[in-house]
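Visitor:
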Amino acid sequence: MGKSCAVFWDIENIDVPKGQSVASIVNLIRSTIIKPYNLKEVFFFCVCDIHKLSTNVGQSLTKLDVNIVQAYNGVKDSADIVILDLMRKFVAAVGQDCTIILISGDADYYGTLSDLKKLHNVSIHLIRLANSFSPKLDQISDYTFMLNNGVLKP
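What follows is the structure, given as structure tokens:
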């Protein structure tokens, strides 16, 4: 089996696209990135304010074995803070040479990802939208995929 990986979905930054289902997005990530890159999925996190998450989306995530993690209520960028903490804990738990798959276009992740890459040889797969992303994240990622019309394109 390949490198251990964890998926971190900032669903407040990149929501389920119109016309798509949660299952189609999660399965797309697993079939387009995790399986072909021979990665071993350890965690799949979706971080958000669960009170704003629709019941349908929440139930779908749970059925797909995605861990829904509550962001801090009323705190600006709280999903980012929680995801950064989860990333550091994941790398500490599995060690060197693991893979982080980030679904976001937010530049707030750049510093921590840069440190994890340099200090722990973490590989970074970025999933972003065509029109909403940080060029800094593109620079730090090993692989960048664009989510467009239900397809992940490298």
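Counting in the UniProt record's numbering, the sequence shown runs from 1 upward without gaps.
Note that beta-carbon positions come from the ideal geometry of N, C-alpha and C, so glycine has one too.
1) Given a threshold of 16 other Cβ atoms within 10 Å of its Cβ, counted over all protein chains shown, does ASP80 qualify as buried or as exposed?
2) Going by DSSP, which residues form a beta bridge with GLN41?
3) Along the chain, which unbroken stretches of the alpha helix (DSSP H) at least 4 residues long are found entirely within the UniProt domain "NYN" (6 to 142)?
4) Once the 5 residues before and after ALA71 are set aside, which same chain residues still bring their CB inside 7 Å of it?
5) With 16 other CB atoms within 10 Å as the buried threshold, where does ASP108 fall?
6) Kindly identify the DSSP beta-bridge partner or partners of ASN149.
7) Please name the residue in GLY111, SER132 and MET146 whose C-alpha comes closest to that of HIS125.
8) On the three-pair Cβ rule with 8 Å, is the segment 48 to 66 touching the segment 136 to 144?
9) Are there 16 or more other CB atoms within 10 angstroms of the CB of ASP10, so buried, or fewer, so exposed?
10) If we call anything under 8 Å between Cβ atoms a contact, is GLN43 one with ALA6?
11) Buried or exposed for LEU119, please, with buried defined as at least 16 other CB atoms from any protein chain shown within 10 angstroms of its CB.
12) Is the beta carbon of ILE127 closer than 8 Å to that of LEU86?
13) If distances are taken between C-alpha atoms only, which option among PHE90, GLY19 and PRO17 comes closest to PHE45?
14) Distance check for ILE34 and LYS3, CA to CA, integer angstroms please.
15) Determine the contact status of SER104 and ILE29, defining contact as a CB-CB distance below 8 Å.
Guide: Walking through what the data contain:
1) buried
2) Note that residue 41 is Glu in the sequence shown here, rather than Gln. Paired residues: CYS5.
3) Runs found: 22 to 29, 55 to 63, 78 to 94, 110 to 120 and 135 to 140.
4) VAL47, CYS48, ASP49, SER78, ALA79 and VAL82
5) Taking a 10 Å sphere around the C-beta of ASP108, we find 16 or more other C-beta atoms and assign the residue as buried.
6) BP columns for ASN149 are empty, so no partner.
7) MET146
8) no
9) buried
10) A small correction: the amino acid at residue 43 is Phe; Gln does not occupy that position in the sequence shown. Contact flag set, yes.
11) So LEU119 ends up on the exposed side.
12) In this structure, ILE127 does not lie closer than 8 Å to LEU86 by Cβ.
13) PHE90
14) 10 Å
15) no
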